[in-house]
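Below is one structure, written out as structure tokens; the observations come after it.
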Amino acid sequence: MTALLIRPISRPLARLAPRTLRGRLSLVSLTAAAFLMVILTVVFNAVVRQHLQRQADDELRTRAAAVATTVETGRAGIRVRETSNDELLDTNVWIYAGTRLLEQPPSATDTSPVTRAAARLAAPGGQHCTTLERPGDPVQLCARPIGGAATVVTALNLSPYRSSADTLLLASLALDAVVLACTYVLTRLAVGRALRPVRTMTDQATQWSAVASTERFGTAEQPTELARLGASLDALLDRIRAVLRHEQQLTRELSHELRTPLSRIVAELDWWRARPRSAADTRTIQAAIADAAQSMRTICDTLLDDASGTAFIAPGTADVLPVLSLLVERPEIPGQVKVVVDVTHPGLQAGVAPALLERIVSPLLDNALRYARSRVGVTAAREPGGVRVDVTDDGPGVPPQFAGQLFQPGRRADPADGHGGAGLGLPLARRLARSAGGEVTYDEQHAHGARFVVSLPAG
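Below, the structure written as structure tokens:
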């Protein structure tokens, strides 16, 4: 039942709460200032009222002391001497001899509330004061004994004092309202100005992340808090840039690797549609298309597994000779180039899946076939702790000044050399080999043509 009673109240309050940080900080500042101003106003007006009350009491006692000097007490009784300022001195003054009234103000009557209040003050004896609350006309009365036989009671209208206190209260409330309004406005302006760099940084980070910009916040001079925010945003932008770069690289690699089986499918279909074919030809073409489609599926699975990081978790094993033999039997090998496969141990196994071994060696073989003049050699042998596969060709080789850039994506020694390629095969081969715990290197000591060396774990 408690939850049912609270929720209808909290929801409207939640809807009324500001949604922006500037609004919330301004509301908190306004609430704190209002709480402080209320306390200060209450304390100030209480002190003022108490001070005014003391002033009224002091004035009454002063007048009572002045009147007391005109009262003579002795064996002959109590006598009130007349003075030159008797009318002013006797204003709102009552003189009692015990409980008997000797003198009272001309405007007062014996039955008036003020006279009765004065009589009550004079009866007990002792010096004390009381307030007679009358609507719109409060009166303060103070009694002063004289020699134990007479009592002087003086009265004072408190309306001017109360009016001054009320005026001060209204002025305090008006001042509080002005101060609170100024506090709210200045807080919003200050917070808005303080958050302006954050808003600018947010817009810049959004724009830079969308275009993969190299701009960063680290070089800009900012306060400590904004510098920490800038460092966090820089790290986030770097991760976004790395993800975009990885995504683009994966897209280019998939396009690069799928181009060959797609070309084979298109070529088989073009050949089949050129003229009517026999049933045997059709079956052969269907088998070739199915093989190319399976190759495309294997390529996608291998590259996507590597991109998701699962290739190294379950590497598998592959018989090296069947994989290399399948690679060199591709129909797109130029007729003038002879491909020789040499495996020193027919049962040689590598510690990678067959599809991954194919994807590692295939770009190296494509590169060798692209530049070879007459011969390409693929040699596999066992080495300490693993398996080594060499891919060599008798082409022009790699220019020495370009050897350090061979495995950078998209780089080619001479883009205008008339050979195809996008500069993605070699980086892909090295990345896949490293994901399986191996390596792909270029042998700069090879004299004629080019030699690439694949080192893989043993199966």
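Residue numbers 21 to 479, in the working numbering, belong to the letters of the sequence shown in order.
Idealized CB from N, CA, C, for every residue including glycine.
### Task
Would you mind giving the Cβ-Cβ distance between Leu452 and Leu376, rounded to the nearest angstrom? I have them listed as a contact below 8 Å.
The beta-carbon separation of Leu452 and Leu376, rounded to 6 Å, stays under the 8 Å limit for a contact.
### Task
Tell me whether Gln421 sits in a helix, a strand or coil according to DSSP, three-state version.
Reduced to three states, the DSSP call for Gln421 is helix.
### Query
Would you report the Cα separation of Arg81 and Leu176, rounded to the nearest angstrom?
Looking at the two C-alpha atoms, the distance is approximately 11 Å.
### Query
Are Cys162 and Ala210 closer than 8 Å when you measure CB to CB?
No. Outside cutoff.
### Message
Checking the sheet assignment: what are the DSSP bridge partners for Asn177?
### Response
As DSSP reads the structure, Asn177 sits in a beta bridge with Val159.
### Query
For His148, which three-state DSSP category applies?
Collapsing the DSSP output to three states places His148 in a strand.
### Query
Quick one: is Ile59 buried, meaning 16 or more other Cβ sit within 10 Å of its Cβ, or exposed?
By the 10 Å Cβ count, Ile59 comes out exposed.
### Task
Could you tell me whether the Cβ atoms of Gly415 and Arg393 are closer together than 8 Å?
Their beta carbons are under 8 Å apart, which means Gly415 touches Arg393 by this criterion.
### Task
Leaving out five residues on either side along the sequence, give the residues of the same chain with a beta carbon under 7 Å from the beta carbon of Pro383.
The residues are Gly445, Leu446, Leu448, Ala449.
### Task
Using alpha carbons as the reference points, say which of Ala251, Pro243, Glu245, Leu246 lies closest to Arg236.
Closest by C-alpha distance to Arg236, out of Ala251, Pro243, Glu245, Leu246, is Ala251.
### Query
Nearest to Gln314 by CA position, among Leu282, Leu289, Arg303, Thr302, is which residue?
It is Leu282.
### Task
Measure from the alpha carbon of Val409 to the alpha carbon of each residue in Val343, Thr244, Gln428, then state which is nearest.
Taking only the C-alpha atoms, the option nearest Val409 is Val343.
### Segment limits, alpha helix (DSSP H) that includes Pro383
Boundaries of the alpha helix (DSSP H) harbouring Pro383: 374-391, taken from the DSSP string.
### Query
Any idea what DSSP makes of Asp254, helix, strand or coil?
In the structure shown, Asp254 sits in a helix (DSSP, three-state: H, G or I).
### Message
Rounded to the nearest angstrom, what separates Pro180 and Tyr204 at their Cα positions?
### Response
About 36 Å.
### Query
Taking just the CA atoms, how far does Gln70 sit from Gln124?
Approximately 29 Å between the Cα atoms of the pair.
#### Entry: Burial state of Val159 (16 or more Cβ within 10 Å)
The residue is buried, with at least 16 neighbouring Cβ atoms inside 10 Å.
#### Entry: Cβ contact check for the stretch 412-427 and the stretch 455-472: 3 or more pairs under 8 Å
Taking a cut-off of 8 Å for Cβ pairs, the stretch 412-427 and the stretch 455-472 touch, as three or more such pairs fall below it.
#### Entry: Where Glu502 falls: helix, strand or coil (DSSP)
Here the chain covers residues 21 to 479 and nothing more, so residue 502 does not appear.
### Query
Counting Cβ pairs closer than 8 Å, one from the stretch 397-412 and one from the stretch 365-373, do we hit at least three?
By the C-beta criterion, the stretch 397-412 is judged to be in contact with the stretch 365-373, since at least 3 inter-stretch pairs fall below 8 Å.
### Query
Whose CA, out of Thr207, Ala247, Val134, Gln227, lies closest to the CA of Pro217?
Residue nearest to Pro217 within the set Thr207, Ala247, Val134, Gln227 is Ala247 (criterion: CA-CA distance).
### Message
Cutting at 8 Å between CB atoms, please list the residues of its own chain near Trp291, excluding the five before and the five after it.
### Response
Cβ neighbours of Trp291 beyond the five flanking positions: Ile305.
#### Entry: Integer Cβ distance of Tyr116 from Ala88, believed to fall under 8 Å
About 12 Å separates the two Cβ atoms, so there is no contact after all.
### Task
Mind checking who Gln369 pairs with in its DSSP beta bridge?
Looking at the DSSP output, Gln369 shares a beta bridge with Asp339.
### Task
Report, in whole angstroms, the separation of the C-beta atoms of Leu200 and Ala52, which I expect to be a contact under 8 Å.
Rounded, the Cβ-Cβ distance is 10 Å, inconsistent with contact.
### Helix, strand or coil at Asp78 according to DSSP, with G and I counted as helix
Helix at Asp78.
### Message
Just list the residues that DSSP pairs Ala401 with in beta bridges.
### Response
Paired residue(s): Arg408.
### Message
So, with DSSP's three-state summary, where would you put Thr93?
### Response
Three-state result, Thr93: strand.
### Message
What would DSSP say about Ala470, mapped onto helix, strand or coil?
### Response
It is a strand residue.
### Task
Since I believe Ile380 is in contact with Val286 (beta carbons under 8 Å), could you give me their beta-carbon distance rounded to a whole number of angstroms?
Contact doesn't hold; Cβ gap of about 26 Å is too wide.
### Query
Comparing alpha-carbon positions, which option in Asp130, Gly118, Thr129 lies nearest Ile166?
Comparing Cα-Cα distances from Ile166 to each of Asp130, Gly118, Thr129, the minimum goes to Gly118.
### Task
Return helix, strand or coil for Ala478, following the three-state DSSP convention.
Strand.
### Message
So, for Thr151: in the same chain, excluding its five sequence neighbours on each side, which residues have a beta-carbon less than 8 Å away from its beta-carbon?
### Response
Around Thr151: Pro158, Val159, Gln160, Leu161, Leu178.
### Task
Give me the Cα-Cα distance between Arg454 and Asp254, rounded to the nearest whole angstrom.
Rounded to whole angstroms, Arg454 to Asp254 spans 29 Å at the Cα level.
#### Entry: CA-to-CA distance, Leu206 to Pro38, given in whole angstroms
Here the alpha carbon of Pro38 sits roughly 17 Å from the alpha carbon of Leu206.
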